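Note sheet for the following structure.
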Amino acid sequence: MNSDTSTYKKSLRWFWGIFFAGIAFAFIFFFLISSGLMGFMPSFEELENPKTNLATEVLSSDHELLGTYYKENRSFVDYEELSPNIVNALVATEDVRFRDHSGIDPRGLARVAFRTVLMRDQSSGGGSTITQQLAKLLFHDPSPNIFQRVMQKFKEWVIAVKLERSYTKKEILTMYLNKAEFIYDAYGIKSAAKTFFNATTDSIKVEEAAVIIGMLQNPSYYNPVRRPELVQGRRNVVLNQMRKAKFISQEQYDSLSSLPLELHFKRADHKEGPAPYFREYLRMTLSASEPLRKNYASWQQQKFIEDSIAWRNDPLYGWINKNLRPDGTKYDIYRDGLKIYTTIDSRMQTFAENAVKTHLSEDLQPKFFREKKGRSRAPFTNKISKDQYESIINRAIRNTERYRDLRAQGKSQDSIDLVFKTKYPMTVFSWEGEKDTLMTPIDSILYYKHFLRAGMLSIDPHTGHVKAYVGGPNYKHFMYDMAGVGKRQVGSTIKPFVYTLAMQEGHTPCDLVPNIAQTFYLPTGKTWTPRNSGNKRAGEMVSLKWGLANSNNNITAWVMKQYNPEAVASTIHELGINSPMDPVPALCLGTPDFGLMEMAGSYSTFANKGVHTEPIIVTRIEDRYGNVISDFHPTKRESISEETAYLMLNLLQGVVNQGTAVRLRSKYQLYNQIGGKTGTSQNHSDGWFMGVTPNLVTGVWVGGEDRDIHFDNITLGQGANMALPIFALYMQEIYKNNELGITTEDLFEKPLNFNLDLNCIDEHISADRNVDGSEDSDESVGISNEFF
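This is the structure in structure tokens:
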């Protein structure tokens, strides 16, 4: 008996010894883990502020998402933005006792130990709580072997408990859903909802939420695009879990589980979506480095000058290289989750993009195709020689990525020529949608050159806010930006700047001048006499208003002759044009190249009572926590007097009321106060229209990729036919929208004590118009080549 008692006591001591030793070991083990002595353990600061790559959001002035910049396409959502459908599906499927445990679920662990380990039932599920899964997402990369994974599991227990102490249940759920990774560049619940269902997280349906939550088990395997039947089954498993947890009823489950899988899939692509040219222009502006001359080619002197001025004067230019985080490091627009509030209005942007598409696809492009059909050197003008044609094509070949790659590989010119003459499968642009075809690289170059390009930019003249920005017909296929980057010869749209000098010096719109040719004596000893294409009212006395309305070169040259080219160039710079120009007589007919941004900004001076407001595209930038880290305000200066600006508005209204832009009235039924100016460059390579209303100024350019790509007749090639219709279509939609605050009742404000009579005696004489409503243009005709 004594022996049995002794053995019992000894066994009991061993039992309790092992028990307490186990507890002590567990205590020491987890203490070592928690203190970081057994490998990485996040600090308190890291737990409070876990690092997550968040996409920078580009937002419109009306709070619509235009796009994102990202390494991981992840945007943060608050708990209040999450539909209960998402939360319920997650809790029911991943951790039904989530609200009852403190990071570790003992019942879940017991189930894993008994059913998964002992009974080898792999379908019994895992024991990780949502908090543990969050710990893994935040702080652990995939483990290379089972031993490290076991250690990670223990660490996740510790981290989970710490997370539960630092955050509320709602915060943990929100962090997990924001951190979760899917496929097709969708990171986080917001991107997943948008990518697979084009839905927001607060409006997603129960069955859609079930699909997304079901994917979390293995996003690549449960891919709804590639394996719809498999994913539908997984969705129903989630719905059944929601039924068991009483988040949905049996009737709801029966109804929802029988529904087919309906996706609205669209992978995020920076080349698509609203305002792609604008978003790329903004990205390049933010990311610009300090200009150093050694980084520019020899022919980029002017570009270097312009970039240097922007670096010095524009706080947005090179923003990420000028501003530092609180820790002294640079911001990263791809990871820091910034919010960039732009001046773009998403509704106006849509109207602008639709106007460009409608005019090019339905009117202008079909006419251009018909004109060039069957011509051996199409799409170029029939005036170029064979040598000129071949030179342009060879230059285009050398500018391709394919050519540069082949040269880098050391291929001979004969080999390269063979590649460019071999047909390959291609997907090409058309206005009816992308088309798959077989085409040689040379033919693809010619194919794309057939398409006319367009740029459009619209500005609030009082604030300088850019409201709409269209850089081309289709960013994916035509990436060159003609709204903010490209510059082309401006033609007669420069004439109002010449007239501004006259108004500033005391002339009025009704002053009469002779409509006769003006001859200039050049420093070379030669003479230059600009010509008109027609002889309307030749030899008569006409008003300055009639001269601008009809874009008459004689009258513009007369104004230039009263002053001098240097004075005109100075006035143009004062109005906001920063591009270089030669102060020569031909300046008055628009020989220099300007950009749409500066043109629209300069015309805005007329609508803003003579005050030039520098265009801006961003109002503020916030960090991921909503703190404003930069705000932006336009630079303003008085360029001309208020009276001069009003006189110029009267002149510009004359262009619309009786001149080259009269089709705004006759064809497009726009009868409100509008000023404007058409522009057509040498050989009608470029068509322009600048439209001015009391609260919106818009510039439009249309032309070919090369200046030798253009209509061969002035009727189709003039700015009134090429560019004006885009402005008209845009404004028609603007006036239909009552929310924008831009109406047909808006009026140009007359200066105080302004009593000048602006009803000129020849206003009753309308411009000669063709049967179709188009005008014979006098724009930019007869400019000597020595000025180019």
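Quick note: the working numbering has the sequence shown finishing at residue 793, numbered continuously throughout.
Yeah, the Cβ is synthetic: ideal placement off N, Cα and C, and Gly gets one too.
All values reported here derive from a predicted model rather than from experimental measurement.
Close-in-space but distant-in-sequence residues of the same chain around residue i (CB under 8 Å, 5 per side omitted)
i	result
Lys472	Ser66, Thr348, Ile349, Asp350, Met353, Gln354, Ser463, Ile464, Asp465, Leu701
Val633	Arg625, Ile626, Glu627
Thr1	Within the shown structure, residues of the chain are numbered from 6 to 793, placing residue 1 beyond reach of any answer.
Lys391	Arg382
Lys174	Phe103, Arg104
Nearest to residue i (by Cα), restricted to the options the options
i	options	result
Asp312	Leu329, Asn328, Leu291, Asp332	Leu291
Ala572	Asp598, Trp551, Thr200, Glu510	Glu510
Pro279	Gly496, Thr73, Tyr339	Thr73
Pro714	Arg380, Ser584, Met736, Thr505	The sequence shown places Ile at residue 714, not Pro. The residue with the shortest Cα to Cα distance from Ile714 is Arg380.
Asn479	Gly496, Ala459, Val242	Ala459
Lys251	Asp319, Ala97, Asp486, Ile177	Ala97
Arg272	Pro265, Arg317, Ala191, Leu369	Ala191
Ala401	Val475, Tyr75, Pro756, Asp711	Asp711
Cys593	Arg629, Leu59, Asn662, Pro501	Pro501
Tyr452	Val433, Leu369, Lys614, Ile421	Val433
His364	Tyr735, Gly581, Asp332	Tyr735
Val166	Lys199, Phe103, Gly219	Phe103
Ala733	Arg670, Arg284, Pro639	Arg670
Leu369	Leu757, Tyr740, Leu721	Leu721
Asp767	Leu17, Arg542, Gln567, Met565	Arg542
Close-in-space but distant-in-sequence residues of the same chain around residue i (CB under 6 Å, 5 per side omitted)
i	result
Lys426	Thr445
Thr12	none
Asp274	none
Phe792	Here Phe792 scores only 29 on pLDDT, less than 50, and its place in the model should not be relied on; the value that follows carries that caveat. Val589, Ala591, Thr596.
Gly680	Leu654, Leu657, Gln658, Val697
Tyr339	Tyr74, Tyr75, Lys76
Ile421	Leu411
Leu42	Here Leu42 scores only 47 on pLDDT, less than 50, and its place in the model is too uncertain to base an answer on.
Thr703	Ser463, Gly696, Phe732
Ile447	Phe425
His68	none
Environment of residue i [buried if 16+ CB atoms lie within 10 Å]
i	result
Arg642	exposed
Glu794	The structure shown has nothing for residue 794, since the chain only spans 6 to 793.
Gln137	buried
Leu297	exposed
Ala302	exposed
Lys428	exposed
Thr532	exposed
Tyr630	exposed
Met180	buried
Gly544	exposed
Gly219	buried
Asp636	exposed
Met859	With the chain covering only 6 through 793, there is no way to say anything about residue 859.
Arg18	exposed
Phe36	Low local confidence applies: a pLDDT of 48 at Phe36 is under 50, so the model's placement there is unreliable, with the coordinate-based value given in what follows. Classification of Phe36: exposed, given that the 10 Å Cβ count is below 16.
Arg239	buried
Tyr485	exposed
Rounded distance between the beta-carbons of residue j and residue i, thought under 8 Å
i	j	result
Thr610	Ile560	With 8 Å as the limit, Thr610 and Ile560 do not qualify as a contact, their Cβ atoms being about 22 Å apart.
Leu601	Trp706	6 Å
Thr665	Ser556	5 Å
Ile217	Ile194	7 Å
Asp341	Thr61	7 Å
Val660	Ala507	Not confirmed; about 16 Å, so no contact.
Thr200	Phe270	7 Å
Glu212	Leu264	6 Å
Glu234	Lys481	Rounded, the Cβ-Cβ distance is 32 Å, inconsistent with contact.
Cβ shell of residue i (< 7 Å), same chain only, five flanking positions each side left out
i	result
Leu168	Leu52, Gly108, Thr136, Leu139, Ala140, Ile177
Met586	Ala574, Ile577, Leu592, Pro597
Leu423	none
Thr442	Met431, Val433
heavy atom of the ligand FAD below 7 Å from residue i C-beta
i	result
Gly746	The ligand FAD is absent from the structure shown, which contains no ligand whatsoever.
Exercise for the section: Report yes or no: do three or more beta-carbon pairs, one from the region 327 to 336 and one from the region 358 to 368, lie closer than 8 Å? Expected result: no
Practice task
Determine, using beta-carbon pairs with one atom in the region 675 to 692 and one in the region 529 to 543, whether at least three such pairs fall under 8 Å.
Solution key: no
Exercise for the section: Give a yes or no on contact between the region 543 to 555 and the region 728 to 736, applying the rule of three or more CB pairs nearer than 8 Å. Expected result: no
Problem - Meets three-Cβ-pair contact criterion under 8 Å: the region 747 to 758 and the region 406 to 413 - result: no
Problem - Sufficient close CB pairs (3 or more, under 8 Å) joining the region 187 to 198 to the region 223 to 234 - result: yes
Practice task
Inspect the CB distances between the region 302 to 318 and the region 504 to 524 and report whether three or more fall short of 8 Å.
Solution key: no
Problem - At least 3 beta-carbon pairs within less than 8 Å: the region 252 to 269 vs the region 318 to 325 - result: no
Problem - contact_flag[the region 485 to 496, the region 677 to 692] where n(CB pairs < 8 Å) is 3 or more - result: yes
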